[in-house]
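Worksheet: one structure, shown below.
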Amino acid sequence: MKPAGEGILSLEYLPASRLGQQSQHWRDSVLGGICFSRPAIRFDAAELPLLSVDMIPPPGGEAICEVWHSREALQSGRHGAIRYRQGDALLFGCLSLEESAAEAPRDAASVAASVASPPLQATTEAAYRKIFELLEARGYPSVLRFWNYFPAINLESHAMERYRQFNVGRQDAFISRGRSVIGNVPAACALGSAAGGLHIAFLASREVAIGIENPRQVSAYNYPSQYGPRSPSFSRAGLVNLAGHDVLFISGTASIVGHQTMHPGDVAAQTRECLQNIAFVVEEANRMSTTADFRLNDLAYTIYVRHTEDMDTVRREIERFIGAPTPTLYMQADVCRADLLVEIEASGGHASSAYGIA
Ligand code: 3EB
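Heads up, the sequence shown is in my numbering, so the first residue is 762 and it goes up one at a time.
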């Protein structure tokens, strides 16, 4: 296995308070990222696609940015509301939209019947259409990873939970841009933010990514209709070869076996189930990879915990399971089923660093 540090991509968890003090050299290498703070911060580097998400750090913790760096020569651009940065192999982009019903084109029949899509659904569809349009135009067809954040994810409105509205809009956009909604779909996460509009970040490549599924979970794109009229369009992980190195992006992973939530009300058991799922996904990834040997203790993790008071329990279970310090970032956020208390995402095959929070 080649050392991950030699690859083109690396991840840095940086306190948001240090963003303004970084050198030009640092800025030049930034591909993009996500800053989690309460309230969302305004960052005065509009040429860098840093998504600002309103999210609550753990007690005593500070606002943190997940910053992706590339060794490639990078160039910034804009496409409508999307800010992006691209190199030869990779493009990172992000956008923030207020929810509004007017965003997505509606067909004549629904206009005639005055059936408007819920605003979140329409905004989601418009955002994803725009993203795919950009990626097709610039020649980065393969999305390695989507990050999705919007408030009140479990709230019911327009006779449907908002996460389900999001799934309808997302799937409609995939279909309208001719993308598959089963099989090789991108890895993703979807979390409830504390406030704000719809925030989406994405990392895409010219190289094709392989979608990886978890043998102990029903693929999300095959979830039965009890979880909503449209299945979520994401795979359990994405694997891509970047300049000779396999890089792995593990989607938000929850306490789900088959398609069912396990251990409702028991955050410790849910955490162990998440980690067990991640272990299975890592094993699948290692079967598919010709260059890498991914291990749980050299992945970087982001952990979303629904209730602040569960933070310590989750941390204890993770440290026990993984058994070694790895870069981890904890946030308090709602997860996309009301009975899920924790969601864990991870990535590997790239260098990672954490400034004082490893
Ligand atoms: C799950 O496994 C938990 O809709 O993009 C995890 C990761 C979840 C991504 C998404 C949802 C998403 O169904 C929820």
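Quick reminder that beta carbons are idealized off the backbone N, C-alpha and C, glycines included.
Below 8 Å between beta carbons: does that hold for residue i and residue j?
i     : j     : result
A1004 : Y1062 : no
K891  : I843  : yes
A1094 : S996  : no
R906  : P879  : no
L1060 : G1109 : yes
N1058 : G1084 : yes
Y774  : L1009 : no
S771  : E823  : no
L1000 : S966  : no
L858  : A877  : no
V1018 : E1034 : yes
D1054 : A956  : no
I961  : C1097 : no
N975  : F893  : no
T884  : E917  : no
I1105 : T1022 : no
H1020 : P993  : no
L1101 : S1012 : no
P820  : M1072 : yes
T1032 : E1078 : yes
N1038 : R1076 : no
P1088 : A1046 : no
Going by DSSP, which residues form a beta bridge with residue i?
i     : result
H786  : Looking at the DSSP assignment, H786 forms no beta bridge with any residue, so it has no partner.
L964  : F853 and R906
S1114 : E773
A1003 : The question names Ala, yet the displayed sequence has Leu at residue 1003. Beta-bridge pairing links L1003 to H1006.
I1105 : T1014 and I1064
R839  : R844
F797  : V814 and I825
Just to confirm the assignment, what range does the alpha helix (DSSP H) spanning residue i have?
i     : result
P776  : Note, P776: premise wrong, no alpha helix (DSSP H); beta strand (DSSP E) at L770 to P776.
L1036 : V1028 to M1049
Y889  : P880 to R899
Y924  : R923 to S937
M1072 : M1072 to I1083
Buried or exposed: residue i, going by 16 or more other Cβ atoms within 10 Å of its Cβ?
i     : result
Y982  : buried
H786  : exposed
Q782  : exposed
H1068 : exposed
T1052 : exposed
A898  : exposed
Y988  : buried
S798  : buried
Q882  : buried
S941  : exposed
Q926  : buried
Q847  : buried
S875  : Low per-residue confidence applies at S875: pLDDT is 48, beneath 50, and the placement is therefore not dependable enough to give any value.
R923  : buried
G841  : exposed
A951  : buried
E1080 : exposed
Y845  : buried
R1129 : Examination of residue 1129 is not possible in this model, given that the chain is present from 762 through 1119 alone.
R789  : Looking at the sequence shown, residue 789 is not Arg but Asp. The residue is exposed, with fewer than 16 neighbouring Cβ atoms inside 10 Å.
G735  : Absent from the structure is residue 735, since the part of the chain shown begins at 762 and ends at 1119.
G768  : buried
Y1065 : buried
P1086 : exposed
G958  : buried
E827  : buried
With respect to the beta strand (DSSP E) encompassing residue i, which residues constitute its N-terminal and C-terminal limits?
i     : result
L851  : L851 to L858
D815  : L811 to D815
G953  : A948 to S954
I825  : I825 to S831
D1007 : H1006 to T1014
V904  : S903 to P912
T1069 : Here T1069 belongs to no beta strand (DSSP E), and DSSP marks it neither H nor E.
L1090 : T1089 to Q1093
G944  : Unbroken run through G944: none, as it is neither H nor E.
G989  : First-last for G989: undefined, no H or E at that position.
I802  : Counting along the chain, I802 falls outside any beta strand (DSSP E), and DSSP gives it neither H nor E.
G972  : I971 to I973
Quick one: does residue i have its CB under 8 Å from some CB of chain B?
i     : result
A1107 : Going by chain labels, chain B is absent from the structure shown, which holds only one protein chain.
Stretch-stretch touch, CB-based, cutoff 8 Å, three pairs: the stretch 792-810 with the stretch 836-853: Short answer: they touch.
Meets three-Cβ-pair contact criterion under 8 Å: the stretch 969-978 and the stretch 909-927: Using a C-beta cut-off of 8 Å, the stretch 969-978 makes no contact with the stretch 909-927, since fewer than three inter-stretch Cβ pairs fall below that distance.
The stretch 830-839 touching the stretch 925-936, judged by at least three CB pairs closer than 8 Å: Cβ pair count under 8 Å is below three, so no.
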